[in-house]
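Here the structure comes first, spelled out in structure tokens, and everything after it is commentary.
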Amino acid sequence: MNKTIRRASVFSLLLVLALLVRATWVQFYDAEALADSKHNRRNAIDQYAYPLGDIIVAGQAVTGSKETTGSDLAYKRTYTDGELYAAVTGYSSQVYGATQLEGIYQDVLDGTDTQLKGPVDTVTGKRAAPGDVITTIDPAVQKAGYEALGDKKGAAVAIDPATGKILGMVSTPSYDPSRISGSTDGDAWQELTGDEDKPMLNRALRQPLPPGSTFKLVVAAAALEDGLYGSVDEKTDSPDPYTLPGTTTVLKNENPSAPCEDATIRTALRYSCNNVFGKLAAELGQDKVREMAEKFGFNDEKRDVPVRASESVYPSGMDQAQTALTGIGQFDVTATPLQMAMVSAALSNGGELVDPHMVSQVTDANGGTLRSYDDAGSERVVSERTAEQLRSAMETVVEEGTGSNARIDGAAVGGKTGTAQHGENNSKTPYAWFTSYAQGSDGQQVAVAVLIEDSGAARSEVSGNGLAAPVAKAMMEAALKG
184 MNKTIRRASV FSLLLVLALL VRATWVQFYD AEALADSKHN RRNAIDQYAY PLGDIIVAGQ
244 AVTGSKETTG SDLAYKRTYT DGELYAAVTG YSSQVYGATQ LEGIYQDVLD GTDTQLKGPV
304 DTVTGKRAAP GDVITTIDPA VQKAGYEALG DKKGAAVAID PATGKILGMV STPSYDPSRI
364 SGSTDGDAWQ ELTGDEDKPM LNRALRQPLP PGSTFKLVVA AAALEDGLYG SVDEKTDSPD
424 PYTLPGTTTV LKNENPSAPC EDATIRTALR YSCNNVFGKL AAELGQDKVR EMAEKFGFND
484 EKRDVPVRAS ESVYPSGMDQ AQTALTGIGQ FDVTATPLQM AMVSAALSNG GELVDPHMVS
544 QVTDANGGTL RSYDDAGSER VVSERTAEQL RSAMETVVEE GTGSNARIDG AAVGGKTGTA
604 QHGENNSKTP YAWFTSYAQG SDGQQVAVAV LIEDSGAARS EVSGNGLAAP VAKAMMEAAL
664 KG
């Protein structure tokens, strides 16, 4: 054979072998990756070929599906009271994907979850009927929080302390997920993502901020559990003014005339005495305060409800002065409203924290249970005695102190206000916080935390009692009536 022809034949054979190897690789190894790629249009066509399953609140669907026209995507997602429930549902978009419950349970809602398939479906490869997601949300609590927040920028979370069920989760300003559920919603998407108020941000779960004086509950719990003081009515060794250790900086109290010198923990919570809790944190040391904070849920990077919550942080590597500042919820301490609701929930529940969750069950098309979350795990945070002591002190805050706007006739209500400074040299309008619980005469209970990030009020008018406590009251009243 001619040498040139032989070389050409060998080269052609190598090309054919390379093509066969590549085809085999794509067929058997890359096929799954290509099929799952977000750029594969077939996935969207398959997902929206049929109506989706629904997210359920109190037996009623707050989602739906609408047949489209002029598109290869046959159906698109719709929402009932979209703005009210956006912090719960998230969105399901033909273009931008899915978030929160829509994203976590996407396979159930579009019928591709293998648990939904019966024997015939498995053999034939037929797509199963979609399932539903049953939430723990109480519509009355959700609506009360949303309306009470109004046009303020903020968030609120309500939890049933005994079961861990999230009864309400609100973030404002909100948005209607229906606006971005189709394939031609680019303008709405740009508007929402470009809005400086970030309406698509779930502030209840995903924006940890300095908790201010609400964190004093954690410090008080650490002091009682450590035995530094025997009860909330024992006088502390707390000079007023209190100078931060190793510095000449004086930790001032918001109310200079408040009886904060050597105040008891009850009095210190009632008047929100910075000198008492700054000194308590310094005396306990950062390790003991951190240990207590972590029992309540701080420094947990994997808090799923089932939506992943941002980590609430108690810092490390501090000096004594910085540790003292953490005692009043400042320095580098951050918390989400979910986290501060967990603090009140544990105290309301006798010192035991039940894992918070906002999904009760995931069901198939016939209502059969695929997954149940009714038996949530729990952990003891503080002793029953410590919880009882702090509840008593928190009730003093509401009855006689800075939390008066949370009072509810016929119910035992405890709370703690907070006003957290932020900005360079505390130059910006502070955040207003309130964390609380209420217990009805019938034994029903609820814990609520509220954050007001911005209300438009003047700096001098910002307070946890004035802005956040009324929101908590509205949600607690709705829960106790349920």
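Each residue of the sequence shown is one higher than the one before, counting from 184 in the numbering used here. Ideal Cβ positions, reconstructed from N, Cα and C, are used throughout, including at glycine.
Residue 631 to residue 377, Cα distance in whole Å?
Position 448 of the sequence shown holds residue 631. Position 194 of the sequence shown holds residue 377. When rounded, the distance between both Cα atoms is 31 Å.
Alpha carbon to alpha carbon, how far is residue 335 from residue 466? Give it in angstroms, no decimals.
For the purposes of this step, residue 466 is taken as residue 283 along the sequence shown, with counting starting at 1. For the purposes of this step, residue 335 is taken as residue 152 along the sequence shown, with counting starting at 1. The straight-line gap from Cα to Cα measures roughly 38 Å.
Could you check if residue 217 is buried or exposed, using at least 16 other CB atoms within 10 Å of its CB as the buried criterion?
Reading the sequence shown from its first residue, position 34 is the one you call residue 217. Only weak support exists for where residue 217 lies, its pLDDT of 44 falling under 50; the value from the coordinates is given anyway. Answer is exposed; the Cβ neighbour count stays below 16.
Are residue 496 and residue 391 closer than 8 Å when you measure CB to CB?
The residue you call residue 496 lines up with position 313 of the sequence shown. The residue you call residue 391 lines up with position 208 of the sequence shown. The answer is yes: Cβ separation under 8 Å.
For residue 616 versus residue 523, is the C-beta spacing smaller than 8 Å?
As a position in the sequence shown, residue 616 is number 433, starting the count at 1. As a position in the sequence shown, residue 523 is number 340, starting the count at 1. The answer is yes: Cβ separation under 8 Å.
Touching by the beta-carbon criterion (3+ pairs, under 8 Å), the stretch 337 to 347 and the stretch 656 to 663
The stretch 337 to 347 vs the stretch 656 to 663: in contact.
Span of the beta strand (DSSP E), counted from its first residue to its last, around residue 233:
For this step, residue 233 is matched to residue 50 along the sequence shown. Run containing residue 233: none; DSSP gives neither H nor E here.
Candidates 582, 594 and 534: which alpha carbon is nearest residue 573's?
Indexing the sequence shown from 1 puts residue 573 at position 390. Out of 582, 594 and 534, 534 has the C-alpha closest to the C-alpha of residue 573.
Tell me whether residue 473 sits in a helix, a strand or coil according to DSSP, three-state version.
Working through the sequence shown from its first residue, we reach residue 473 at position 290. Correct three-state label for residue 473: helix.
Does the stretch 539 to 559 touch the stretch 415 to 432, meaning 3 or more C-beta pairs lie closer than 8 Å?
The stretch 415 to 432, when compared against the stretch 539 to 559, does not touch it at the 8 Å Cβ threshold.
What residues in its chain sit with their C-beta under 8 Å from that of residue 471, if we drop five residues either side in the sequence?
Residue numbering aside, residue 471 sits at position 288 when the sequence shown is read from its first letter. Excluding residues within five positions, the ones whose Cβ falls inside 8 Å are 405 and 409.
For residue 502, the nearest candidate out of 294, 464 and 512 (CA to CA)
The residue you call residue 502 lines up with position 319 of the sequence shown. Cα-wise, what sits closest to residue 502 is 464.
By how many angstroms is the C-alpha of residue 567 removed from the C-alpha of residue 332?
As a first step, residue 332 must be located in the sequence shown, where it is residue number 149. As a first step, residue 567 must be located in the sequence shown, where it is residue number 384. For the pair residue 332 and residue 567, the Cα-to-Cα distance works out to about 33 Å.
What separation, rounded to the nearest whole angstrom, lies between the Cα atoms of residue 628 and residue 436?
Reading the sequence shown from its first residue, position 445 is the one you call residue 628. Reading the sequence shown from its first residue, position 253 is the one you call residue 436. For residue 628 and residue 436, the distance between alpha carbons rounds to 32 Å.
Could you give the distance in angstroms between the alpha-carbon of residue 299 and the alpha-carbon of residue 290?
Translated into positions along the sequence shown, residue 299 becomes position 116. Translated into positions along the sequence shown, residue 290 becomes position 107. Taking the CA atoms as reference points, residue 299 sits about 9 Å from residue 290.
With C-beta atoms as the reference, is residue 267 less than 8 Å away from residue 348?
Numbered from 1 along the sequence shown, position 84 holds the residue referred to as residue 267. Numbered from 1 along the sequence shown, position 165 holds the residue referred to as residue 348. For residue 267 and residue 348, no; Cβs fall outside 8 Å.
Check each candidate in 398, 446, 201 and 635 and name the one with the smallest Cα separation from residue 514.
Stepping through the sequence shown from its first residue, residue 514 is reached at position 331. Among 398, 446, 201 and 635, the Cα nearest to that of residue 514 belongs to 398.
Closest to residue 594 by C-alpha separation, out of 585, 559, 578 and 604, would be which residue?
As a position in the sequence shown, residue 594 is number 411, starting the count at 1. Nearest C-alpha to residue 594: 578.
Since residue 531 is in the alpha helix (DSSP H), which residue starts that stretch and which ends it?
Within the sequence shown, residue 531 is the residue found at index 348, counting from 1. From DSSP, the alpha helix (DSSP H) with residue 531 extends over 520 to 531.
So residue 349 is in the beta strand (DSSP E); what residue range does that whole segment cover?
Stepping through the sequence shown from its first residue, residue 349 is reached at position 166. 349 to 355 is the extent of the beta strand (DSSP E) around residue 349.
Using a 10 Å radius around the Cβ and a threshold of 16 neighbouring Cβ atoms, would you call residue 559 buried or exposed?
Taking the first residue of the sequence shown as position 1, residue 559 is located at position 376. Exposed is the call here.
Runs of beta strand (DSSP E) wholly within the stretch 243 to 280 (minimum 3 residues, chain order)
246 to 250 and 258 to 262
Classify residue 469 as buried or exposed, calling it buried when 16 or more other Cβ atoms lie within 10 Å of its own Cβ.
Translated into positions along the sequence shown, residue 469 becomes position 286. The residue is buried, with at least 16 neighbouring Cβ atoms inside 10 Å.
Report the partner residues of residue 288 according to the DSSP bridge assignment.
Your numbering for residue 288 matches position 105 in the sequence shown. In the DSSP output, where bridge partners are listed per residue, residue 288 has none listed.
Residue 331 bridges to which residues according to DSSP?
Locating residue 331 in the sequence shown gives position 148, where the first residue counts as 1. Bridge partners of residue 331: none, in fact.
Could you check what DSSP says for residue 317 in three-state terms: helix, strand or coil?
Along the sequence shown, read from residue 1 onward, the residue named residue 317 stands at position 134. Strand, per DSSP.
Would you mind working out which of 553, 473 and 638 sits nearest residue 516, comparing C-alpha positions?
As a working note, residue 516 is residue 333 in the sequence shown. When each option's Cα is compared against that of residue 516, the closest is 473.
Opening and closing residue of the beta strand (DSSP E) in which residue 614 lies
For the purposes of this step, residue 614 is taken as residue 431 along the sequence shown, with counting starting at 1. Its beta strand (DSSP E) spans residues 611 to 623.
Starting from the Cα of residue 249, find the closest Cα among 382, 361, 259 and 276 and give me that residue.
Residue 249 sits at position 66 when you count from the first residue of the sequence shown. Residue 259 is the option with its Cα nearest to residue 249.
Outcome for residue 198 when other beta-carbon atoms lying within 10 angstroms are tallied against a minimum of 16
Here residue 198 corresponds to residue number 15 of the sequence shown, with the count starting at 1. By the neighbour-count rule (16 or more Cβ atoms within 10 Å), residue 198 is not buried but exposed.
The stretch 523 to 532 contacting the stretch 446 to 463, beta-carbon criterion three pairs below 8 Å:
Short answer: they don't touch.
Contact belief for residue 539 with residue 588 at Cβ below 8 Å, rounded distance in angstroms
Counting from one through the sequence shown, the residue named residue 539 turns up at place 356. Counting from one through the sequence shown, the residue named residue 588 turns up at place 405. The pair is not a contact, with the Cβ atoms about 25 Å apart (cut-off 8 Å).
Helix, strand or coil: which one does DSSP assign to residue 408?
Residue numbering aside, residue 408 sits at position 225 when the sequence shown is read from its first letter. Residue 408 falls in the helix class under three-state DSSP.
Hey, could you find the ends of the beta strand (DSSP E) residue 338 is sitting in?
Stepping through the sequence shown from its first residue, residue 338 is reached at position 155. Taken as a continuous stretch (DSSP letters only), the beta strand (DSSP E) holding residue 338 covers 336 to 342.
Closer than 7 Å by C-beta to residue 402: which residues in its own chain qualify, once you throw out the five before and the five after it? Chain order, please.
Counted from its first residue, the sequence shown places residue 402 at position 219. Hits under 7 Å: 460, 463, 464, 472 and 510.
Can you list the beta strand (DSSP E) stretches of 3 or more residues lying completely in the stretch 559 to 612, in chain order?
Counting whole runs of 3 or more residues, the stretch 559 to 612 contains the beta strand (DSSP E) stretches 561 to 563 and 594 to 605.
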